[in-house]
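So the sequence lines, in the order shown, correspond to chains A and B. Per my numbering, residue 1 is the first one in the first sequence, and the count goes up by one each step. Per my numbering, residue 1001 is the first one in the second sequence, and the count goes up by one each step.
There are 2 protein chains.
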Amino acid sequence: MTHLQTISEYKCFDGQLGFYSHTSATCKGEMRFAVYQPPQAAHKPVPVLYFLSGLTCTEENFMVKAGAQRYAAEYGLMLVATDTSPRNTGIVGEDDAWDFGTGAGFYVDATAEPWRSHYQMYSYIVQELPAIIAANFPIQADKQGIFGHSMGGHGALVCAIRNPQQYKSVSAFAPIVAPMSCPWGQKAFSGYLGNNQDSWRAYDASELIKQLGYHSPILIDQGTADKFLTEQLKPELFEQACASVNQPLNLRYQAGYDHSYYFIASFIEDHIRHHAIALN
Amino acid sequence: MTHLQTISEYKCFDGQLGFYSHTSATCKGEMRFAVYQPPQAAHKPVPVLYFLSGLTCTEENFMVKAGAQRYAAEYGLMLVATDTSPRNTGIVGEDDAWDFGTGAGFYVDATAEPWRSHYQMYSYIVQELPAIIAANFPIQADKQGIFGHSMGGHGALVCAIRNPQQYKSVSAFAPIVAPMSCPWGQKAFSGYLGNNQDSWRAYDASELIKQLGYHSPILIDQGTADKFLTEQLKPELFEQACASVNQPLNLRYQAGYDHSYYFIASFIEDHIRHHAIALN
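Next up, the structure:
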């Protein structure tokens, strides 16, 4: 069993929030994540809901800012929030940009040099981390959901659409839904995957949903005052893709909200409930 | 009217959160605060609830971490969170310690040199700031409550007990209730007020409650796993003081909780409701 190092633990809403690190076989170095165990987990295994954060975030932002523990405790869901990339890998240039490298793993398995040696975030999220959670925390391994914000919304959609049996539910806040068609995604995919755009399709939610569909309705909240809306996020592309294959999508435009965690906190209850209904 | 500079504004729980700065006549320099206007404030004046933060905090911590906006929106209360001291005053040594000077104003009016020129936090909180809020935001000026955390719990208790007509309600998370009897308080009062301990009594909640009482029940939550409990916080001293004058006090020891904002978030709903009942 993987050995976890406990960084810190806090009682929160009658459950326990902990920050942990471990040596990742997938990313070949230390990775960190946070787990909120609701009070119900003291007595029985509970469903688990993964949150993937956006650019520049660590495993902390969601647990500090989103106000999710209140609702995870109410609905009896375990929350897992991960870091957004490997760190301190020694790869030259990893800290040069805020939207590539450290803090910007984009939830792909890099195939291009020099990133492929450590930047295996897709396999980490889909395979290694769930195994670690199942081995160390009281979860129902057959009841997993996933959601995320911005780059992490992209990651959540891709992980869920490609692994529908593993993830019973998916939702996102202001996700990058069409990374092949926006500057953030093009920069990340060029760097991590190389210039053959055929290899990019496996990580583009708007492409994937047309090929694969998803077994249940997808919830997306998007603020209309989000400064990244038209250049980077482009929810209309995912809406069109879903419509073309009759995929149920609940895309809600929230008037006046921006890209911040104040937006996420305002609608986190709806997202937790969306997952709780699917997982309970 | 005082001119406010808007630093940033965010839609949050259908209301508006803003961060502002202004030139303080009391503290003789720039001061910052945050205001959450609940959705009700778009239509009518609402009661206002002040939050005073603890050591090292700015006007941001409470608004980012406590999850209070959710309940302020529900109960129709405006929230105001202040910075914890003047900053960049030029006073030699202001940044030398984390528990004195910058980030540690202790909500007193300093009388000792060199601090008295800027460190007038008591008058700022009780007089200047409420006037600025009343002039710039839609509040019911006769309906104000106050609460805080740690050093800010001390500040809230002192402000309320000394100004019972101004503050209709008071509560605190893990407050310093007897600063004359703990290292943090003794250091701060020696530095800001000088060595005549008679002058300290005006800022010690356990002394003040015996002299003045308070017109309504006081709510205090205190975590039992708080590492500052026995040396710095000493809620039993305030409990004894309240008992000696038959002051109603609801002191709740919360098993296993520490001194963090995860503790505050876990019980913020109860505190907002405590104030809403008194203010509505």
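Cβ atoms here follow ideal geometry from the backbone N, Cα and C, with glycine treated the same way.
Selected residue, minimal CA-CA separation from residue i, among the options
i, options, result
"V177 of chain A", "A:D204, A:E94, A:A134 and A:H22", "A:D204"
"S216 of chain A", "A:S24, A:G194, A:L157 and A:V46", "A:L157"
"E59 of chain A", "A:R70, A:A73, A:D221 and A:E30", "A:E30"
"N163 of chain A", "A:P130, A:V64 and A:A42", "A:P130"
"G1256 of chain B", "A:S24, A:E9 and A:W98", "A:E9"
"E94 of chain A", "A:Y192, A:Q16, A:G185 and A:G148", "A:Y192"
"C27 of chain A", "A:L55, A:S260, A:A81 and A:G90", "A:G90"
"F1019 of chain B", "B:A1081, B:A1188, B:K1187 and B:Q1247", "B:A1081"
"L4 of chain A", "A:I209, A:Q186, A:F62 and A:H22", "A:H22"
"Q40 of chain A", "A:F100, A:F13, A:L212 and A:V64", "A:F13"
"H1259 of chain B", "B:H1275, B:T1230, B:L1279 and B:C1242", "B:T1230"
"F137 of chain A", "A:S181, A:L79 and A:G213", "A:L79"
"C1057 of chain B", "B:K1011, B:G1148 and B:G1185", "B:G1148"
"H274 of chain A", "A:G103, A:I146, A:A25 and A:T84", "A:I146"
"L1077 of chain B", "B:S1190, B:G1105 and B:L1017", "B:L1017"
"G194 of chain A", "A:M180, A:C159 and A:I132", "A:M180"
"I1218 of chain B", "B:Q1247, B:E1207, B:Y1122 and B:K1011", "B:Q1247"
"D1109 of chain B", "B:L1279, B:D1096 and B:E1128", "B:E1128"
"G1015 of chain B", "B:H1118, B:Y1075 and B:E1239", "B:Y1075"
"L1055 of chain B", "B:N1280, B:A1243 and B:G1185", "B:G1185"
"A25 of chain A", "A:K11, A:G213 and A:S123", "A:S123"
"M1118 of chain B", "B:L1279, B:V1092 and B:G1213", "Residue identity check: residue 1118 of chain B is His in the sequence provided, not Met. For H1118 of chain B, the nearest C-alpha among the options comes from B:V1092."
Buried versus exposed, by CB contacts within 10 Å (16 or more), residue i
i, result
"V1245 of chain B", "exposed"
"R308 of chain A", "This structure does not reach residue 308 of chain A, given that chain A is present from 1 up to 280, and the question cannot be answered."
"P86 of chain A", "buried"
"H43 of chain A", "exposed"
"I125 of chain A", "buried"
"W98 of chain A", "exposed"
"Q1120 of chain B", "buried"
"Q314 of chain A", "Since the first residue shown for chain A is 1 and the last is 280, residue 314 of chain A is missing from the structure and cannot be characterised."
"A73 of chain A", "buried"
"T6 of chain A", "exposed"
"V46 of chain A", "buried"
"V64 of chain A", "buried"
"D1226 of chain B", "buried"
CB-CB length for residue i against residue j, believed under 8 Å
i, j, result
"S1150 of chain B", "P1183 of chain B", "With 8 Å as the limit, S1150 of chain B and P1183 of chain B do not qualify as a contact, their Cβ atoms being about 13 Å apart."
"G1153 of chain B", "F1173 of chain B", "6 Å"
"L1249 of chain B", "I1220 of chain B", "7 Å"
"Q1254 of chain B", "Q1222 of chain B", "7 Å"
"T84 of chain A", "G103 of chain A", "5 Å"
"Y1261 of chain B", "N1088 of chain B", "So it is not a contact: roughly 25 Å between Cβ atoms."
"K1210 of chain B", "A1160 of chain B", "Going by Cβ atoms, the distance from K1210 of chain B to A1160 of chain B rounds to 15 Å, so no, they are not a contact pair."
"L1237 of chain B", "S1199 of chain B", "So it is not a contact: roughly 20 Å between Cβ atoms."
"A202 of chain A", "F106 of chain A", "The Cβ separation is near 12 Å, so there is no contact."
Chain E contact for residue i (CB, 8 Å cutoff)
i, result
"K168 of chain A", "Annotation note: the requested chain E is absent from the structure, which comprises protein chains A and B."
Quick one: which residues of the stretch 68-92 of chain A get their C-beta closer than 8 Å to a C-beta of chain B? List them in chain order. Q69 and R70
Under 8 Å (Cβ pairs) to chain A, residues found in the stretch 1015-1038 of chain B: L1017
Touch test, the stretch 1107-1119 of chain B against the stretch 1031-1042 of chain B, Cβ-Cβ under 8 Å, three pairs minimum: no
Quick test of the definition: if touching needs 3 or more C-beta pairs under 8 Å, does the stretch 130-144 of chain A touch the stretch 162-170 of chain A? yes
Inter-stretch contact at 8 Å, needing at least 3 Cβ pairs: the stretch 264-272 of chain A / the stretch 1045-1059 of chain B: no
Residues of the stretch 251-262 of chain A with Cβ closer than 9 Å to any Cβ of chain B, in chain order: Q254, A255, G256, Y257, D258, S260, Y261 and Y262
Give a yes or no on contact between the stretch 1246-1265 of chain B and the stretch 1062-1078 of chain B, applying the rule of three or more CB pairs nearer than 8 Å. yes
Check each residue of the stretch 222-255 of chain A: if its Cβ is closer than 9 Å to any Cβ of chain B, include it; give the result in chain order. G223, A225, Q254 and A255
Could you name the residues of the stretch 142-153 of chain A whose beta carbon sits closer than 9 Å to any beta carbon of chain B, in the order they occur along the chain? none
Using a Cβ cut-off of 9 Å, which residues of the stretch 182-205 of chain A contact any Cβ in chain B, in chain order? none
Give, in chain order, every residue of the stretch 1046-1063 of chain B whose Cβ lies closer than 7 Å to some Cβ of chain A. none
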